[in-house]
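J.:
Shown next, in the form of structure tokens:
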């Protein structure tokens, strides 16, 4: 899906890649799982991110009455771990993700033209860039790095309205991937 290098596109290498993805993202996979459930009646776009056991892991605190869309991620002790902020006056929809000390972690930009599937690029400050592809109508997204899937976002796992499941490869930065997920939701479904 993300592989731009077609030299390794033999049937055996594709089969091997699918097998590795099943080991991480399958039913009994090793991926870290989270659930994002937005409340329709919340005041100021506040909601919780829960772990696989249903325990609250992070709070997303949406700030009202601001010119641009701003969200803060907080841990269970109330410490700010990152901030998402909409960039104004840009040609493409853009959100920035900043760390607790206002250091730039990533910039999420929507592709200009993508008629069949939604596409975004995530420019990560201190790591490889990420590519996001998805279906805006089905709420299904895949995040890839260097040709391999590192996270999966899906609404199909839950029957509850405004609820997403997120599976993240164990070696990834969970906060960054969750922040990208929230940014995608804000840009795809304003």
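Numbering (the working numbering), first residue to last: 4 to 193.
Built from N, CA and C at the ideal position, the CB exists for glycine as well.
As the structure is a prediction and not an experimental result, all values here were calculated from the model.
Where residue 100 and residue 120 are concerned, what is the direct C-alpha to C-alpha distance, given to the nearest angstrom?
T.: Along the chain shown, read from residue 1 onward, the residue named residue 100 stands at position 97. Along the chain shown, read from residue 1 onward, the residue named residue 120 stands at position 117. Those two C-alpha atoms are separated by around 23 Å.
J.: DSSP has residue 75 in a bridge; who is on the other side?
T.: Within the chain shown, the letter at position 72 stands for residue 75. Per DSSP, 64, 86.
J.: Suppose you measure from the CA of residue 179 to the CA of residue 115; what does that come to, to the nearest Å?
T.: As a position in the chain shown, residue 179 is number 176, starting the count at 1. As a position in the chain shown, residue 115 is number 112, starting the count at 1. Distance between the alpha carbons of residue 179 and residue 115: 23 Å.
J.: Buried or exposed for residue 28, please, with buried defined as at least 16 other CB atoms from any protein chain shown within 10 angstroms of its CB.
T.: By 1-based counting over the chain shown, the position of residue 28 is 25. Flag for residue 28 reads buried.
J.: Quick one: is residue 79 buried, meaning 16 or more other Cβ sit within 10 Å of its Cβ, or exposed?
T.: Residue 79 sits at position 76 when you count from the first residue of the chain shown. Exposed, because fewer than 16 other Cβ atoms sit within 10 Å of the Cβ of residue 79.
J.: My assumption, with CB atoms under 8 Å, is that residue 158 sits in contact with residue 166. Please give the rounded CB distance.
T.: Counted from its first residue, the chain shown places residue 158 at position 155. Counted from its first residue, the chain shown places residue 166 at position 163. 7 Å between Cβ atoms; contact.
J.: Cutting at 6 Å between CB atoms, please list the residues of its own chain near residue 174, excluding the five before and the five after it.
T.: Here residue 174 refers to the residue found at position 171 when the chain shown is read from its first residue. Nothing listed; no residue qualifies.
J.: Compare the Cα-Cα distances from residue 123 to each of 110, 130, 131 and report the closest residue.
T.: Position 120 of the chain shown, counted from the first residue, corresponds to residue 123. The candidate whose alpha carbon is nearest that of residue 123 is 110.
J.: Work out the CA separation of residue 83 and residue 107 for me, nearest whole Å.
T.: The residue labelled residue 107 in the question sits at position 104 within the chain shown. The residue labelled residue 83 in the question sits at position 80 within the chain shown. Each residue's alpha carbon lies about 14 Å from the other.
J.: Would the beta-carbon of residue 32 fall within 8 Å of that of residue 23?
T.: By one-based count along the chain shown, residue 32 stands at place 29. By one-based count along the chain shown, residue 23 stands at place 20. Not closer than 8 Å, so no.
J.: If you follow the beta strand (DSSP E) that residue 41 is part of, which residue opens it and which one closes it?
T.: Here the question's residue 41 lines up with position 38 in the chain shown. Residue 41 -> beta strand (DSSP E) spans 35-41.
J.: Return the first residue and the last residue of the alpha helix (DSSP H) that residue 116 is part of.
T.: For the purposes of this step, residue 116 is taken as residue 113 along the chain shown, with counting starting at 1. From DSSP, residue 116 is part of no alpha helix (DSSP H); its letter is neither H nor E.
J.: Could you name the residues of the same chain whose beta carbon sits closer than 6 Å to that of residue 74, not counting the 5 residues immediately before and after it, in chain order?
T.: As a working note, residue 74 is residue 71 in the chain shown. For residue 74, where only same-chain residues beyond five positions count, the Cβ hits under 6 Å are 63, 65, 87.
J.: Roughly how many whole angstroms lie between the Cα atoms of residue 40 and residue 48?
T.: By 1-based counting over the chain shown, the position of residue 40 is 37. By 1-based counting over the chain shown, the position of residue 48 is 45. Distance between the alpha carbons of residue 40 and residue 48 is about 11 Å.
J.: Over what stretch of residues does the alpha helix (DSSP H) that includes residue 151 continue unbroken?
T.: For the purposes of this step, residue 151 is taken as the residue at position 148 of the chain shown. Here residue 151 belongs to no alpha helix (DSSP H); instead the beta strand (DSSP E) covers 151-157.
J.: Give a yes or no on whether the C-beta atoms belonging to residue 1 and residue 155 are separated by under 8 Å.
T.: Absent from the structure is residue 1, since the part of the chain shown begins at 4 and ends at 193.
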